[in-house]
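Q: Heads up, the sequence shown is in the UniProt record's numbering, so the first residue is 1 and it goes up one at a time.
Even glycine gets a Cβ: it sits at the ideal position worked out from N, Cα and C.
None of the values given here were measured: they were computed from a predicted structure.
Could you have a look at this structure, given as structure tokens, before my questions?
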Amino acid sequence: MRLHPATRTQPGGGRPAAAGGIRPPLRRAIVLEWVSIVWMTLEGGISIAAGVAAGSLALEVFGLDSLIEIVAAAIVLWRLGVEARVEVAAGSTDSALETAAASRVAAAERLSARVVAVSLLALAVYIVIGAASTLRAHGVAHPGVWGFAVSIVAAGGMPLLSIAKQRAARALDSEALREDAIGNLACGLMALIVLAGLVAQRGGLWWADPAAALVLGVFVLREGREGWERAGE
Numbered sequence: 001m002r003l004h005p006a007t008r009t010q011p012g013g014g015r016p017a018a019a020g021g022i023r024p025p026l027r028r029a030i031v032l033e034w035v036s037i038v039w040m041t042l043e044g045g046i047s048i049a050a051g052v053a054a055g056s057l058a059l060e061v062f063g064l065d066s067l068i069e070i071v072a073a074a075i076v077l078w079r080l081g082v083e084a085r086v087e088v089a090a091g092s093t094d095s096a097l098e099t100a101a102a103s104r105v106a107a108a109e110r111l112s113a114r115v116v117a118v119s120l121l122a123l124a125v126y127i128v129i130g131a132a133s134t135l136r137a138h139g140v141a142h143p144g145v146w147g148f149a150v151s152i153v154a155a156g157g158m159p160l161l162s163i164a165k166q167r168a169a170r171a172l173d174s175e176a177l178r179e180d181a182i183g184n185l186a187c188g189l190m191a192l193i194v195l196a197g198l199v200a201q202r203g204g205l206w207w208a209d210p211a212a213a214l215v216l217g218v219f220v221l222r223e224g225r226e227g228w229e230r231a232g233e
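Below, the structure is given as structure tokens:
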């Protein structure tokens, strides 16, 4: 998930809110972010538990990445919440409130970007060490039904969540929400990689799980590097 500076809805972005009200597209976006946070919490917890039980590094990495991205999702949710409070308080007409809110959100996004970036870079190191150890020891994972279930659900569900967020982003003309939607799509792709590794592992390729973890590591490293660069902007 990518964090971008807060963007204010443009005049053409969705139906204007009446004074003291919140536009329907903004309300839908807030609901989608809550769904995303709950989803990633469950996804992360189940993946880590299933990974530890099965000795699957790929599942552990997928779960840890999901939990780390909750921080980024929470910032997007907060940004939307600030925008909603501005609309309720000023009917989208108080530029001073908008400026102050944008300043607070931008500061929080920079801090969050640093936290997420450091966490992802640390996870990348964990992946390399874990994969090297597993490959050296010829460790074999024994994934159970929960590992397959969470991978399948994430691979199918995250793209749907991404589509819903992209629609909301277009209605709000929100770059932050649009980038969040792209992050959800990437999560779905990562789930497919995990699933492929689990299937290959079941097929007798003992090295498939650490190999899948290393592929995930490429995503994690890129996200961490990009997050650190954004934090310095």
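1. For the segment 9–89, which segments carrying the alpha helix (DSSP H) assignment without a break, of at least 4 residues, lie completely within its bounds, in sequence order?
2. Mind the definition here: the segment 216–229 touches the segment 126–133 only if three or more C-beta pairs lie below 8 Å; say whether that holds.
3. Hey, out of A149, L172, L135, whose CA is closest to A196's CA?
4. When you compare the segment 117–124 with the segment 196–213, are there three or more beta-carbon pairs, one atom per stretch, that lie closer than 8 Å?
5. Could you tell me the distance, in whole angstroms, from the CA atom of A176 to the CA atom of E60?
6. Using a threshold of 8 Å, state whether the C-beta atoms of L160 and I193 are closer than that.
7. If V116 and G227 are in contact, beta carbons under 8 Å, what's the gap, nearest whole angstrom?
8. Return the chain-ordered ranges of every alpha helix (DSSP H) run that is complete within the segment 144–221 and spans a minimum of 4 residues.
9. Thinking just about the alpha-carbon of each residue, which of V86, R170, A211 is nearest to the one in R28?
10. So, at 7 Å on beta carbons, what are the nonlocal neighbours of A131 in its own chain, with the 5 sequence-adjacent residues on each side left out?
11. Return helix, strand or coil for V140, following the three-state DSSP convention.
12. For S133 and W207, I'd like the C-alpha separation in whole angstroms.
13. Out of A164, P24, A168, L42, point me to the one whose CA is closest to A154's CA.
14. Helix or strand or just coil, what does DSSP make of S130?
15. Identify whether G232 lies in helix, strand or coil by the three-state DSSP scheme.
16. Please name the residue in S174, A54, M190, G63 whose C-alpha comes closest to that of G139.
A: The answer reads as follows:
1. Listed in chain order, the complete alpha helix (DSSP H) runs (minimum 4 residues) inside the segment 9–89 are 24–54.
2. Touching, yes, given that three or more Cβ pairs across the two stretches are closer than 8 Å.
3. Of the listed residues, the one whose Cα sits closest to A196 is A149.
4. Fewer than three beta-carbon pairs drawn from the segment 117–124 and the segment 196–213 are found closer than 8 Å, and the two stretches are therefore not classed as touching.
5. Their backbone Cα atoms lie some 28 Å apart in a straight line.
6. In terms of Cβ geometry, L160 and I193 do not form a close pair [threshold 8 Å].
7. 5 Å between Cβ atoms; contact.
8. 145–172, 175–202, all fully within the segment 144–221.
9. Out of V86, R170, A211, R170 has the C-alpha closest to the C-alpha of R28.
10. If we look at A131 and ignore the five residues flanking it on each side, its Cβ neighbours are L57, P210, A213, L214.
11. Coil, per DSSP.
12. Rounded to whole angstroms, S133 to W207 spans 11 Å at the Cα level.
13. Of A164, P24, A168, L42, the smallest CA-CA separation from A154 is found for L42.
14. Looking at the sequence itself, residue 130 is Gly, so the reference to Ser does not match. DSSP places G130 in helix when its eight states are reduced to three.
15. Correct three-state label for G232: coil.
16. Closest by alpha carbon: A54.
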